[in-house]
Structure formats: C-alpha cells, structure tokens
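Each remark here refers to the structure printed beneath this line.
Encoded structure:
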C-alpha cells in the first residue's frame, strides 16, 4: 500500500463513530494510523500520540481503552500508528528473526532482554522519523493545529520508541512511559526535561527493580513521578494506570478531565 | 478538659456546616477530634481516619483539604484526632524537650532523624490505643456502624502513628502512607497486608531514597503502590497525591468517586 502522495501528506482511508469517538483511519506515506476524536466535534484540542506494545497494533484493546479516556473523558485527539513490522505493516526478515528468537527464548524460559532491547532499538530508529512526519501531517488539520499541546503515552515497546521520540521532538510537552529496560534508553532519557509519569512493576520477573529505578532516575525532568505497583510484569494494573495517565496528560496539556471514570 | 464519661464514649462538643461538609467536634475521653460528614446527610458510609503531620493539628488546612475530597467527592465520613502534645492537647515535658531539640537541629542544619524517629515512636505508642478507642466510639454512630469499611490516611507523623495502628487494627482495610523513615516502622509494616498507597520524594534531603524504598518494600500487602515524585521533601505535590489518595480509598472502601476535582 504505497502512497502516491508526498510522504508528509495525510490521507484518510476510512471513518466511523461509536461510544462518543469519531475514528478515522489514515496513512502518512506507507505508515497506517488511526485518529480518534470527540464525536461531538471540537474547535481545537490537544493531541496525544500513543505507542502500542510489542506484538500489538494501533487498534489493540489497550489503545482503544486509553483513547476512550482521553477522547470522551478529556476532549482530546488521540493518534496511534502501527510500529514497523506490526499491525497492517509488512515484517522484514530481520523482524521475523527477532520475533522467532523471542518466542524461542520465552518457550525456554530464557531472558528476553538480549533480544527485546536491540530489536526495539532498531524499530525506534525507524519509528521516530515516522512519528515526526505523522505529527507534521496531523498538525495541518484545523482541529489540531500547528501550535497546540502534544503529549505522548506508551509503555513497554511504546516506551522503547517513545523515549527517543520525546527526546528528539520539542513539540511533545508531557509523556507517560514504563515497563522497559534502561539499556538503550538512558542517554535519550537524560535529554528529556518535560513532565514524565513512569510506571514499573515492583516484582517484575523480566526487568530488574534496579533497572526500572535507573531509567526513572535518568529523566532530566524537573517534574516526574514514578508509579511502582506490587506484582509481576503482567500484574500491571492497566486500568488504574490508564486513568492516572489520562489525568496526568489532562493536567499538563491544559484541559480539565471531565470524567473520572 | 477531662471527660466525666467513660473513656470510650463519644461526646459531641460543637457542630457547624460549610462547603457541603457537616463538621462535629468531639471528645473520646481526653482526646479531642473532629468528624466531617456529607452535609446532605447519609444513611451509612465508609469512614476514613486521617493522621496529621508533626506540628500540625486535627483541623490543619491539609486535613481540611483532604477531608473535602473524601466527604463531598466520595460521600465518606472523615475523622481526625489531635496527636499527643498537638492541637488542643497539653504538651508533656518530654514533648517540649523533643520539639526544642528538633528546632535546634533544624536551625543548625543537623539531621532530624535521631530526634523525629524516637519522638514519633513514643507518640505512636500513646496514639494507637487512642485511635482504637475513637474507632470503637465512632462505630456506635448509626451513620458509620460497627461493620462498615474503614480506611486510614496520613503522611510523615501520620505514617509514624498510622503504620503501627493499621498493623494492630484489623478493622482498617486500606491505607495511605508516606514521607517517613523506616527505622521504627519496618516490623509493623511487615504485618500489614491490606492495600497500601505510599508516597516518597525522589530527592528528599531528609529521608534517603533507599530508606523510603525499604519502607515501601517492607509492607506485606499483595496490593501496594509507590508514588515517587521528583523533588525535595517540601516539593511533595500535595494536591495531586491527595486526589490520588481519595481515588485509592474510594476504590478500596467500595464507593464511587463522584467528583474528580
């Protein structure tokens, strides 16, 4: 699905509405994405870019659930793009190899870090300019605008891509991260000064406690908050943290949360 | 102001209403307290016990602000009693000595821990049975009842008293703590199994980071969350954390938050 247009122009390919959200599928060049907006319409509102997790895609239930809070709860726009090799995008031979190695390691109970860290770092190198081109294109829409507030939210692979993105992109002024090894991210984290909310699992069997604390410590942000929840990696309390992230973004992007639920 | 009644009977001494809160001053034996309840009236609602900080008192603005969230936001009752030597209570010679030593240390820029930890541990020994007698008396009120949900919230000295209280008191089923050294509290924390939300300051100049993490780690609770905020001791983001505490208590005491503000 190669676009005939400039890589920076946004093409809407489908639209629908449900549960108070207007959903528009789009492409920017070869990259497919989705833009959720308040169905009630809006003059101009902040935009939140969301990064999905490894093996997921732009319309994964965790993306939909978080978007619902931000769109109907805060009146924001939310955009998600498929990461390289994810969702509607083709997988390269390198992608296939990384996924196969990861499955082998998981099946054998071996550490994932040696595979996930370089795999996600490679995806981030591709994804950061894609996100920047997507943001360029989204800001041409009158309901978003070139000077409106922009936030970012993404855990796990969404953090592996998001940390270098936020470090590189001054238009993003608040970010939610978590659940990722620091190895490839500490240097970028040291360049981030915007408010950050960071989640970790206190008893994470994959990412050691000290590694989580080290990544949180690395952010240069004057305003940053760590949320450490008891439990293992998949005990992450998704709903509580998604609610908290929505309130954090609402505070920093300058709109009131209109619904606590 | 010695009571003529049994130390376990509750005497209301004054009442007023403002901002949607009905305020009743009370005594239980020699201990003065305040009970805030929804002005709209209520059949029966959860009760939150709140512990004030060192040098403060039962109607300190931080207590009033937190009570407002819980009473008008969640429909709860909130009770605070003056800690020994605080508010309307007489100071003993030992209290006077501890306060004088603390002021000397603060003026000289010397560590507060060697004074605060044993001072607060001594107050906790007195305050825990006072809180238990107060809870006995409050549960005789029909709008609270003997089997209703009970929570606790208190940081700093409110944690020094609250951790041994919650460890000793099975009627308390959720607790908010923070900003205190672990020294006198770790053994009691290990006996606490109810959900806990714990706040620390990441760059606290008084309480070392490792000490904060050690106290959080000590709680035996299966469900516990650490909130670590960037900044020094007095940079603690009171309003954000008070909002979060109200939502935490609303989740665990079984009522819906009716207002996010």
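Residue numbers (the working numbering), protein chains in the order written: chain A, 2 to 262; chain B, 2 to 262.
Even for Gly, the Cβ is constructed at its ideal location relative to N, Cα and C.
Check	Outcome
Give the single residue among B:146, B:224, B:116, B:148 whose Cα lies nearest to the Cα of residue 181 (chain B).	B:116
Residue 36 (chain B) and residue 80 (chain B) look like a contact to me (Cβ under 8 Å); what is the Cβ gap, rounded to whole Å?	5 Å
If contact is defined by three or more beta carbon pairs under 8 Å, each pair taking one atom from either stretch, is the region 101 to 115 of chain B in contact with the region 133 to 147 of chain B?	no
Flag this pair as yes or no: are the beta carbons of residue 163 (chain B) and residue 176 (chain B) separated by less than 8 Å?	yes
Return helix, strand or coil for residue 237 (chain A), following the three-state DSSP convention.	coil
Show which residues of chain A have a CB atom less than 8 Å away from the CB atom of residue 190 (chain B).	Going along chain A, no residue has its Cβ under 8 Å from residue 190 (chain B), so there is no contact; the nearest lies around 13 Å.
What three-state label does DSSP hand residue 186 (chain A) in the structure shown?	coil
Under three-state DSSP, which class holds residue 263 (chain B)?	Shown here, chain B extends from 2 to 262; a query on residue 263 (chain B) therefore has no answer.
Within its chain, find whatever has a CB closer than 7 Å to the CB of residue 71 (chain B); leave out the 5 residues flanking it on each side and keep chain order.	49, 77, 79, 247, 250
With DSSP as the reference, label residue 21 (chain A) as helix, strand or coil.	coil
Does DSSP put residue 209 (chain A) in a helix, in a strand, or in coil?	coil
Using a Cβ-Cβ cutoff of 9 Å, what residues of the region 221 to 243 of chain B are near chain A? List them in chain order.	222, 223, 224, 225, 226, 227, 228, 229, 230, 231, 232, 238, 241
Quick one: what does DSSP say residue 11 (chain A) is sitting in, helix, strand or coil?	strand
On the DSSP letters alone, give me the boundaries of the alpha helix (DSSP H) that residue 74 (chain B) sits inside.	62 to 75
From residue 57 (chain A) to residue 129 (chain B), what distance separates their C-alpha atoms?	50 Å
Return the CA-CA distance between residue 126 (chain B) and residue 51 (chain B), expressed in angstroms with no decimal places.	17 Å
Please work out which residues of its chain come closer than 6 Å, Cβ to Cβ, to residue 227 (chain A), disregarding the five sequence neighbours upstream and downstream, and give them in chain order.	199, 217
Measuring CA to CA, which of B:252, B:179, B:192 is closest to residue 1 (chain B)?	The structure shown does not extend to residue 1 (chain B), since chain B is modelled only from 2 through 262, so no value can be given for it.
Between the Cα of residue 211 (chain B) and the Cα atoms of B:95, B:229, B:225, which residue gives the shortest distance?	B:229
Closer than 7 Å by C-beta to residue 138 (chain A): which residues in its own chain qualify, once you throw out the five before and the five after it? Chain order, please.	9, 10, 11, 29
Could you check the C-alpha separation between residue 153 (chain A) and residue 156 (chain B) for me, to the nearest Å?	31 Å
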